[in-house]
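Heads up: the sequence lines are chains A and B, in that order. For the first sequence, counting from 1, position 136 maps to 293 in the numbering used here; every step adds exactly one. For the second sequence, counting from 1, position 59 maps to 61 in the numbering used here; every step adds exactly one. All C-beta atoms, glycine included, are put in the ideal place defined by N, C-alpha and C. Computed from a predicted model, the values in this text were never measured in an experiment. Written out below as structure tokens is the structure these notes cover.
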Amino acid sequence: MDRFLRHKTLIVSLVVIASNAFGNYTLTRGMRDVGSVVSFSPLPYIHAMLDPWVVAGIVLLATWLITRLSLLSWADLSYVIMVTSTSYVLSAVLAKIFLGERISLIRWTGIVLISLGAFIVARTFPSTAPEPEEEE
Amino acid sequence: MKWLLLALVVVPGTVGDVLMTIGMKRHGEIEEFDLRSLFSLLWDLVRNPYLITGIVAMAVSFFALMALLSVAQLSFAVPATASSYLVETALAKYVLKEEIDAARWAGACLVTIGVVLASL
């Protein structure tokens, strides 16, 4: 049972991390095509939502929200925030590969520390909080 | 002004996460990822007061971050908001009664420092 819970947690965490990083990437990519939309009128936003990159970004970030909430239905908050912080790492790698951004040594150091912190927490048992009391 | 906005990013953001965790624990463990679980989750999102308040708090935090980024440098905003990891770990311990052992604290410290460095 514990083994099953660990596997389920790992797989759902990976979906949370990937949907967050790829969602931010596709949304950034799409909004670059669309240009600035800061406005009180809904029309520019509707126009932006016709861009396929923006659509992909919205779908991925909706996936992120749903899977993150699902993960919180059994895993500890202190586990979820640390393990899913690796989306910073994936975002940096995506920015380097697809957007050609340069990553300085100090940023690489930060990326290594985040990965290390997430790895240490990922090895702890995901669910330690007591069951909530029933109201009914 | 930027310290006020920073508080509006960190406080609703961390409280929102705590409320969403309480809301999801009350919703019950999601066993299978099928349409039924998805609809039950979406239905709970519009009637579970913890989830509704959590989402509203998250939205406040998000718009405060947008405002903060318009008055402060990214190199101030991101490191300052990285403190959320430590605040949330403390709230998880005292409010959610999670067992925060040495590994969790070490992870929280490494991630916080890492996020600060990665934003420089």
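- In the three-state scheme derived from DSSP, where H, G and I count as helix and E and B as strand, B:R28 is classed as helix.
- Taking 8 Å as the threshold, the shortest C-beta distance from B:I115 to chain A falls below it.
- Within the same chain, Cβ atoms closer than 6 Å to the Cβ of A:S176 are found at L217, T220 and W221, the five residues on either side in sequence being excluded.
- Around the beta carbon of A:G257, a 10 Å sphere encloses fewer than 16 other beta carbons of the protein chains shown; the residue is thus reported as exposed.
- Rounded to whole angstroms, A:D233 and A:V278 show a C-alpha spacing of 11 Å.
- Between the C-alpha atoms of A:L247 and B:L53 there is a straight-line separation of about 28 Å.
- A straight line joining the alpha-carbon of A:T281 with that of B:T16 spans about 22 Å.
- Along the segment 256-268 of chain A, going in chain order, the ones with a CB nearer than 7 Å to a CB of chain B are I263, R264, T266, G267 and I268.
- Note on geometry: alpha-carbon atoms of A:S242 and B:L119 lie some 14 Å from one another.
- Neighbours of A:Y245 in chain B, taken as residues whose beta carbon is under 7 Å from its own, are V117 and A120 in chain order.
- Closest in C-alpha terms to B:A108, from the list B:V11, B:T91 and B:L98, comes B:T91.
- Per the C-alpha coordinates, the member of A:W210, A:E288, A:I174 and A:W231 positioned closest to A:T183 is A:W210.
- In this structure, B:M22 keeps its C-beta atom at 8 Å or more from the C-beta atom of B:V73.
- Judged by DSSP secondary structure, B:L67 falls within the alpha helix (DSSP H) whose first and last residues are P51 to V73.
- The three-state secondary structure of B:T16, taken from DSSP, is helix.
- With distances taken between CA atoms, B:D46 lies nearest to B:H29 out of B:E34, B:V58 and B:H29.
- Of the residues assessed, A:Y236 falls on the buried side of the cut-off, its CB having 16 or more other CB atoms within 10 angstroms.
- Listed by position along chain B, the residues whose Cβ is nearer than 7 Å to that of A:I174 form an empty set, because the closest Cβ is around 13 Å away.
- Just measuring C-alpha positions, the residue of A:W231, A:R225, A:G187 and A:R189 sitting nearest A:R163 is A:W231.
- Excluding sequence positions up to five before and after B:S77, its CB lies within less than 7 Å of the CB of S121 and L122, all in the same chain and listed in chain order.
- For A:W221, no Cβ of chain B is located within less than 8 Å of the residue's own Cβ.
- A distance of 8 Å or more separates the beta carbons of B:I115 and A:S227.
- A:A286 sits in coil when the DSSP states are folded into three classes, being neither helix nor strand.
- Chain-order list of chain B residues neighbouring A:M188: empty, with the shortest C-beta distance near 13 Å, by a criterion of under 8 Å.
- Straight-line measurement puts the Cα of A:V240 at about 7 Å from the Cα of A:S170.
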